[in-house]
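Using my numbering, you'd call the opening residue of the sequence shown number -4 and step up by one each time. The beta-carbon is built from N, C-alpha and C at its ideal position, and this holds for glycine as well.
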Amino acid sequence: MYIFDAHIDTLGILAEQNGGEDLATLTGTHVNLAKMRRAGISAQIFAIYVPDRYRHGLALHKALKMVDIFWENLRKYPQELQPLLWRSDCQIIEGNDMPIRCMLSLEGGEALEGSIANLRNFFRLGVRALTITWNHRNELADGVGEGKGASGLSEFGREVVAEMNRLGMVIDVSHLAEPGFWDVLDESNQPIIASHSNAYTLCQHRRNLTDAQIKAIADCGGVVGVNFYPGFLTKQPEMADIEHVVEQIVHLIDVGGSETAALGSDFDGIGAVPVGLENVEKTPLLISKLKKRGLSEAVVEKVMGKNLLRVVRQVLPEKSS
Ligand SMILES: [Zn+2]
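1) Look up Tyr49 in the DSSP assignment and say whether it is helix, strand or coil.
2) Provide the residue(s) that pair with Thr22 in DSSP beta bridges, ordered along the chain.
3) Is it the case that the Cβ atoms of Gly216 and Val306 are separated by a distance below 8 Å?
4) Evaluate Asn184 with the Cβ neighbour count: other Cβ atoms within 10 Å of its Cβ, from every protein chain shown; 16 or more gives buried, anything less gives exposed.
5) Can you name the start and end residues of the alpha helix (DSSP H) that Asp214 belongs to?
6) Under DSSP, the beta strand (DSSP E) around Pro78 begins and ends at which residues?
7) Measure the C-alpha to C-alpha separation of Asp214 and Ile187 and round it to an integer number of angstroms.
8) Could you check how far apart the C-beta atoms of Ala58 and Phe(-1) are, in whole angstroms? I think they sit under 8 Å.
9) Is Glu102 near ligand 1, going by C-beta to nearest heavy atom under 7 Å?
10) Return the residue from the list Ser190, Val122, Lys287 that minimises the CA-CA distance to Arg202.
11) Determine which residues share a DSSP beta bridge with Val122 and list them.
12) Under the three-state reduction of DSSP, which class applies to Ala256: helix, strand or coil?
13) May I ask you to check if the CB of Gly264 is nearer than 7 Å to at least one heavy atom of ligand 1?
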């Protein structure tokens, strides 16, 4: 089955290794090349997340380093890893020997450092998605961590949304505070995604989306990638298992329809995992669990990857000759 996950943080772990490891040699992580292969991953969005300690003055520097790590891995393993850059890269080609399509995403607009030129330069370097904020305020908008004082998109944030629409980049609203969320929906003429967020109805956490937000993402043709982090799955995170992920997916479908649910594991960005989904090798177990819950083969295929692919294919540009 075609599996396309919307969010992992493995590049962040590689960045901390200072070039000592790559995707193939990495051990002890949720994701490495062998584990992705055993899982049968077809495509993957790799996040560039810049930790707080680099945020002020070093965000762009750090993000560029992570762009290089991404491309160096693809250069080293061309049989295994191929970039996902253009609409023509969005094909469903199954088979365990096919290269994994790798898409680069910037998690948090901090790395733009207030410059629309930097957005265009990241696009030229192969970045095809941007999470508007992480949990804090940045030049674009406020993250969920700003609480009740959060406001919406700044003028620069609006400019970024418009330019992303023009370039053909996927807008990601995970981590974004609600005022900004609604502003993005108003401004964007393309479907948006929440790459790694869950339903607030099932788990009352600030990182999760209300049913109104899920419905709005569905209405614009976007997707929500279910996050495997126990603290976002259930109010009793110590009890979290794969069934809680199934519950979240079923809820996304109930509220937004079968076109809306996707995967956004957050592997290698989360300090705890649910029982039964300990690393990427376990991801395919969701297929049988979802079928057992009564979802049809066609709907399970959408959840596991086809929904996300649909949005990416719609948003990404045609390759320019
Ligand atoms: Zn995140």
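This is what the structure gives:
1) By 1-based counting over the sequence shown, the position of residue 49 is 54. In the structure shown, Tyr49 adopts helical secondary structure according to DSSP, grouped into three states.
2) Locating residue 22 in the sequence shown gives position 27, counting from the first residue. In DSSP, Thr22 forms no bridge with anything.
3) One-based indexing of the sequence shown puts residue 216 at position 221. One-based indexing of the sequence shown puts residue 306 at position 311. Yes, they are a contact pair.
4) Translated into positions along the sequence shown, residue 184 becomes position 189. So Asn184 ends up on the exposed side.
5) Walking along the sequence shown from the start, residue 214 turns up at place 219. Note, Asp214: alpha helix (DSSP H), 206 to 214.
6) On the sequence shown, residue 78 is found 83 positions in, with the first residue counted as 1. Element bounds for Pro78: 76 to 78.
7) Along the sequence shown, one-based indexing puts residue 214 at 219. Along the sequence shown, one-based indexing puts residue 187 at 192. Looking at the two C-alpha atoms, the distance is approximately 10 Å.
8) Within the sequence shown, numbered from 1, the residue matching residue 58 stands at position 63. Within the sequence shown, numbered from 1, the residue matching residue -1 stands at position 4. Not really, about 23 Å apart at Cβ, beyond 8 Å.
9) For this step, residue 102 is matched to residue 107 along the sequence shown. It does: the Cβ of Glu102 is within 7 Å (strictly closer) of some heavy atom of ligand 1.
10) Counting from one through the sequence shown, the residue named residue 202 turns up at place 207. Cα-wise, what sits closest to Arg202 is Ser190.
11) As a position in the sequence shown, residue 122 is number 127, starting the count at 1. In the DSSP output, where bridge partners are listed per residue, Val122 has Leu99.
12) In the sequence shown, counting from the first residue as 1, residue 256 sits at position 261. Ala256 falls in the strand class under three-state DSSP.
13) Numbered from 1 along the sequence shown, position 269 holds the residue referred to as residue 264. The answer is yes for Gly264.
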